[in-house]
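Worksheet: one structure, shown below.
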Amino acid sequence: MSRSPSLPERPRLDLDPEMTPEERLGALRDHFEEIVRVNEQLTEQLDSTQSRQADLSEDVDQLERENETLKTSSLYIATAEELTDDGVVVKQHGNNQEVLTEVSPSIRETLEAGDRVAINDSFSVKQILEAETDSRAQAMQVERSPDVAYDDIGGLEEQMIEVREAVEEPLVNAQQFRDVGIEPPSGVLLHGPPGTGKTMLAKAVANETDATFIKMAGSELVHKFIGEGAKL
């Protein structure tokens, strides 16, 4: 924390009674110049202090806003199930509790059944939220046509043959399997340390069969809420 600047010493004027008029005038002139200098210093300090005060006022306002935010109760996510003459029926996410609550006219004008809303502890609708993004869309990265070919992969000749037989053939010639009474395999599980070519093999199959490649991390299959992982 910066320390306040010290005030300049107040000018003093001591006139000797034995001074001549010229000496007295010179002393008064020097005293006046000293007063002007001190006044300039005080003006600079005042400007600096006022600027510092403005900065501190902004900091205080910011802290007060943050304090109010911390004291504000959190809002809960719910869905507007039905709009009635008496209010709106909302279902809170997590416990599926349905409540009939009132809603302000300004929100009621744009509120529709199925909208995601934020409610407080009293179940009053505080605001309308944007539509929820499907977690499947957030977790997956789609590549329509990967540009990886089998020739781009080295050292996995045996694995490429197995993958082509187990994945590519059922996709391209599924009827041949059915003709001999075999259900075409639906896929295979590639496993191994990172960087061993699993993703490149999958992209090569998608490129060769003109299929869509969907990239997804396994951790995205683990979700906190029941049913979300199964949905993916």
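Note that the sequence shown covers residues 23 to 254 in the working numbering. Every residue, glycine too, gets a C-beta built ideally from N, C-alpha and C.
{"Check": "Any 3 or more C-beta pairs closer than 8 Å across the stretch 135-147 and the stretch 192-202", "Outcome": "no"}
{"Check": "The beta strand (DSSP E) enclosing residue 99, as first and last residue numbers", "Outcome": "98-106"}
{"Check": "Own chain partners of residue 145 with C-beta closer than 6 Å, once the 5 adjacent residues on each side are dropped", "Outcome": "121, 123"}
{"Check": "Helix, strand or coil at residue 23 [DSSP, three-state]", "Outcome": "Note that residue 23 scores 49 on pLDDT, short of 50, meaning its location in the model is unreliable; the coordinates nonetheless yield the value given after this. Three-state result, residue 23: coil."}
{"Check": "CA-to-CA distance, residue 72 to residue 29, given in whole angstroms", "Outcome": "15 Å"}
{"Check": "Secondary structure of residue 111, DSSP reduced to three states", "Outcome": "strand"}
{"Check": "Residue-level contact to chain B via CB, residue 213, 9 Å cutoff", "Outcome": "You won't find chain B in this structure, because it holds only one protein chain."}
{"Check": "Residue 199 (DSSP reduced to helix, strand or coil)", "Outcome": "helix"}
{"Check": "Residue 170 - DSSP class collapsed to helix/strand/coil", "Outcome": "coil"}
{"Check": "Host beta strand (DSSP E) of residue 123 (start-end)", "Outcome": "120-123"}
{"Check": "Spatial distance of residue 207 from residue 112 (CA atoms)", "Outcome": "45 Å"}
{"Check": "Closest by C-alpha distance to residue 95, when choosing among 41, 225, 143", "Outcome": "143"}
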